[in-house]
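First up is the structure itself, then whatever we jot down about it.
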Amino acid sequence: MRSFSTIALLGSSIGSAVASIVPRQTGSLPVVSVKGNAFFTGDKRFYIRGVAYQPGGAADAQDPLLDIPSLKRDIANFKDLGINTIRVYTVDNSKNHDEGMKLLDDAGIYLALDANTPDYSLNRESAQTLHRSYNDVYLQSVFATIDAFADYNNLLVLFSGNEVINAKNNTNAATYIKAVTRDMKQYISNRHARKIPIGYSAADVAENIEQQALFFNCGTDDERADFFAFNDYSWCDPSSFQKSGWDAKVKLYQDYSIPLFLSEFGCITNTRQWGEIAALYSTNMSAVYSGGLAYEYTVEPNGFGLVTVDSSSGKIEPNADFDRLKAAYKKTSNPTGDGGYKQDGEPSQCPPEDDEWQVTSTLLPSIPKKALSFMTDGAGDGPGLDGDGSHFAGETSSATATPGSGEPSGTAAAAGNADGTGAGVSVAVPLRFVGMIVASVLFGVVLVL
Ligand SMILES: *[C@@H]1O[C@H](CO)[C@@H](O)[C@H](O)[C@H]1NC(C)=O
Ligand SMILES: *[C@@H]1O[C@H](CO)[C@@H](O)[C@H](O)[C@H]1NC(C)=O
């Protein structure tokens with residue numbers, strides 16, 4: 010399929026240097042948006058059928074979307090597996106991703122992307138490092154990642170954090186993660202026509218996972234996440250809907266008002282038969298869950314993985330686990346209709362502080378003052394993977410925020426249409442569009458005036 014990039018220009022300038030345009034997205038896949046507690050493309054329910062994709066692992070993180078020969082090779086396997094989504098944990102936000110994103114788009118594959126990198130992230134070491142690492146240099150990188158990917162139709166969701174909370178003594182990171190979620194939503198509202206879903210990917214911590222789910226979906230709308238995801242390794246084959254405890258989780262989250270999905274799954278205690286695929290995409294779960302991502306594509310030292318990579322030749326070899334996952338996906342189709350989703354759920358109540366949830370206040374830190382200018386001027390170039398890092402850089406938050414203060418603040422219009430066409434929405438033309446138009450012409454795509 011061809012990829013179209015369409016930019017419609019509407020009306021004249023808002024100010025002296027900016028014109029009012031309706032940016033359209035790049036790519037031919039329909040944009041996925043949130044409706045109630047589910048994802049949709051148009052009026053069709055969308056389930057994530059995916060795999061985590063970070064060859065080489067997190068330690069010396071490389072951007073897998075820039076290695077085009079390997080990506081092409083791997084996309085052939087994604088198609089063979091029958092998936093529609095990959096999750097990537099680290100990208101280089103200083104680079105252009107048109108080529109890799111188009112290859113994925115052509116293959117029918119969406120991207121669930123982490124907005125953080127090892128060096129540009131929150132530092133959960135202590136209360137002090139948490140506060141210190143929530144700064145404008147960090148947010149600049151996060152926002153630059155948004156800018157680098159926002160125009161791709163097949164960008165599915167962005168994660169505002171991954172497994173930051175992994176014990177009860179760092180549950181206090183929750184207000185910072187939620188502040189980042191709020192800031193990302195505000196930045197998107199101010200700078201982009203499409204409402205890209207933003208949410209957190211939580212670790213499999215039984216003691217407080219429910220509190221995390223509630224916390225990210227409570228409070229004012231500007232602070233609430235658009236979805237919640239958690240990594241779940243509790244289904245260890247041979248298992249079942251009941252034995253895994255997944256039946257209890259469906260009950261637990263039955264009133265949850267935003268989409269839930271598994272940002273990682275696939276317990277390797279015993280040989281994986283991938284029995285959870287049949288459950289996850291059945292009506293036992295579809296009223297509450299929207300699928301998930303099997304962990305993970307390449308075999309890494311941690312022992313998960315569907316393909317082995319020969320480091321000298323670069324050749325990859327799908328293993329028996331790959332074949333079983335492929336078979337499981339193949340024999341399991343999505344539920345018909347809307348899967349019993351809920352359109353009008355209520356936001357959650359914020360969880361009370363207790364021994365497992367050491368979050369003393371629902372008030373969030375205010376955005377660091379120096380980061381406010383990004384809302385009107387844009388974030389500028391991303392630092393990429395070779396930057397100096399943000400953990401101890403820049404300027405931190407100086408106060409707690411008034412709930413609701415993360416609403417769109419700029420002159421640019423608020424959220425675009427859910428279908429991503431953004432018709433009627435006017436947005437200040439950031440400079441990047443100038444480059445995009447040139448690139449679009451080079452790719453021979455259609456421009457609609
Ligand atoms: C949390 O507890 C672990 C294990 O006891 C400890 O290593 C870590 O330093 C603690 N973190 C904080 C923020 O106190
Ligand atoms: C759905 O739930 C029923 C009853 O709890 C169970 O017997 C059945 O195996 C489940 N189906 C799947 C596909 O897990």
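When the letters of the sequence shown are read in order and numbered with the working numbering, they come out as residues 10 to 458. In this text, a Cβ means the ideal position worked out from N, Cα and C, and glycines have one as well.
beta-carbon residue i near ligand 2 non-hydrogen atom, thresh 7 angstroms
i    : result
S210 : no
N293 : yes
A287 : yes
F250 : yes
D192 : no
D256 : yes
Terminal residues of the beta strand (DSSP E) in which residue i lies
i    : result
Y209 : I207 to A211
R96  : T94 to V97
K53  : K53 to F55
F236 : F236 to D241
G403 : G403 -> no beta strand (DSSP E), and no H or E assigned at all.
T50  : A47 to T50
L120 : Y119 to D123
G109 : First-last for G109: D107 to D115, but that is the alpha helix (DSSP H), not the beta strand (DSSP E).
L167 : L164 to N171
S42  : S42 to K44
Sequence-distant residues of its chain with Cβ nearer than 6 angstroms to residue i (five each side left out)
i    : result
G348 : R54 and S295
F383 : F152
A222 : F237
S135 : none
Closer than 7 angstroms: residue i CB and nearest ligand 4 heavy atom
i    : result
Q263 : Looking for ligand 4 in the displayed structure turns up nothing; the ligands present are ligand 1 and ligand 2.
Range of the contiguous alpha helix (DSSP H) that encloses residue i
i    : result
Y147 : D145 to F158
V189 : A183 to R200
K88  : I77 to L90
E219 : I218 to F225
F383 : L381 to D386
T307 : It is not in any alpha helix (DSSP H) - T307 carries neither H nor E in the DSSP assignment.
S142 : A136 to S142
Residues of its chain near residue i, where Cβ-Cβ distance is below 7 angstroms and the 5 sequence neighbours each way are ignored
i    : result
D114 : S12, G36, S37, L38, N162 and N163
P356 : N226, C227, R233 and S266
F401 : R141
E326 : V316 and T317
P374 : Y143, T184, Y185, A188, S406, T409 and A410
E273 : A61, N240, L302 and Y304
N86  : V316 and P327
Cut-off 8 angstroms between Cβ atoms - residues of its own chain near residue i, not counting five sequence neighbours on either side
i    : result
D70  : Note that residue 70 corresponds to Ala in the displayed sequence, not to Asp. Closer than 8 angstroms at Cβ, skipping near neighbours: Q63, Y98, T99, T126, P127 and L394.
L4   : Examination of residue 4 is not possible in this model, given that the chain is present from 10 through 458 alone.
M193 : A124, V151, F152, I155, L167, S169 and I207
Within-8 angstroms CB hit, residue i to chain B
i   : result
Y56 : In the structure shown, chain B cannot be found, because there is only a single protein chain.
Three or more C-beta pairs under 8 angstroms: does that hold for the stretch 54-66 against the stretch 289-303? The stretch 54-66, when compared against the stretch 289-303, does touch it at the 8 angstroms Cβ threshold.
On the three-pair Cβ rule with 8 angstroms, is the stretch 81-96 touching the stretch 124-141? Inter-segment contact for the stretch 81-96 and the stretch 124-141 is absent: fewer than three beta-carbon pairs are separated by less than 8 angstroms.
Pair every Cβ in the stretch 278-291 with every Cβ in the stretch 367-380, then say whether three or more of these pairs are closer than 8 angstroms. By the Cβ criterion, the stretch 278-291 is not in contact with the stretch 367-380, since fewer than three pairs of Cβ atoms, one from each stretch, lie closer than 8 angstroms.
Taking 8 angstroms as the threshold, find out whether the stretch 317-330 comes into contact with the stretch 265-274 through three or more Cβ pairs. No, they do not touch.
Of all the alpha helix (DSSP H) runs that stay within the bounds of the stretch 232-297, which reach a length of 4 or more residues? Entirely contained in the stretch 232-297, the alpha helix (DSSP H) runs reaching 4 residues are, in chain order, 255-261 and 285-289.
Counting Cβ pairs closer than 8 angstroms, one from the stretch 251-264 and one from the stretch 401-416, do we hit at least three? With a cut-off of 8 angstroms on Cβ pairs, the stretch 251-264 is not in contact with the stretch 401-416, counting fewer than three such pairs.
Assess, as a yes-or-no matter, whether the stretch 187-199 is touched by the stretch 327-339 under the definition of 3 or more beta carbon pairs within less than 8 angstroms. Because the criterion of three Cβ pairs below 8 angstroms is not met, the stretch 327-339 and the stretch 187-199 do not touch.
Which runs of the alpha helix (DSSP H) fall wholly inside the stretch 315-368 and span at least 4 residues, in chain order? The stretch 315-368 contains these whole alpha helix (DSSP H) runs: 329-340.
Just checking, does the stretch 340-347 make contact with the stretch 304-314 on the three C-beta pairs under 8 angstroms criterion? The stretch 340-347 vs the stretch 304-314: no contact.
Contact between the stretch 239-257 and the stretch 205-218 is defined here as three or more beta-carbon pairs at a separation below 8 angstroms; is this criterion met? Cβ pair count under 8 angstroms is three or more, so yes.
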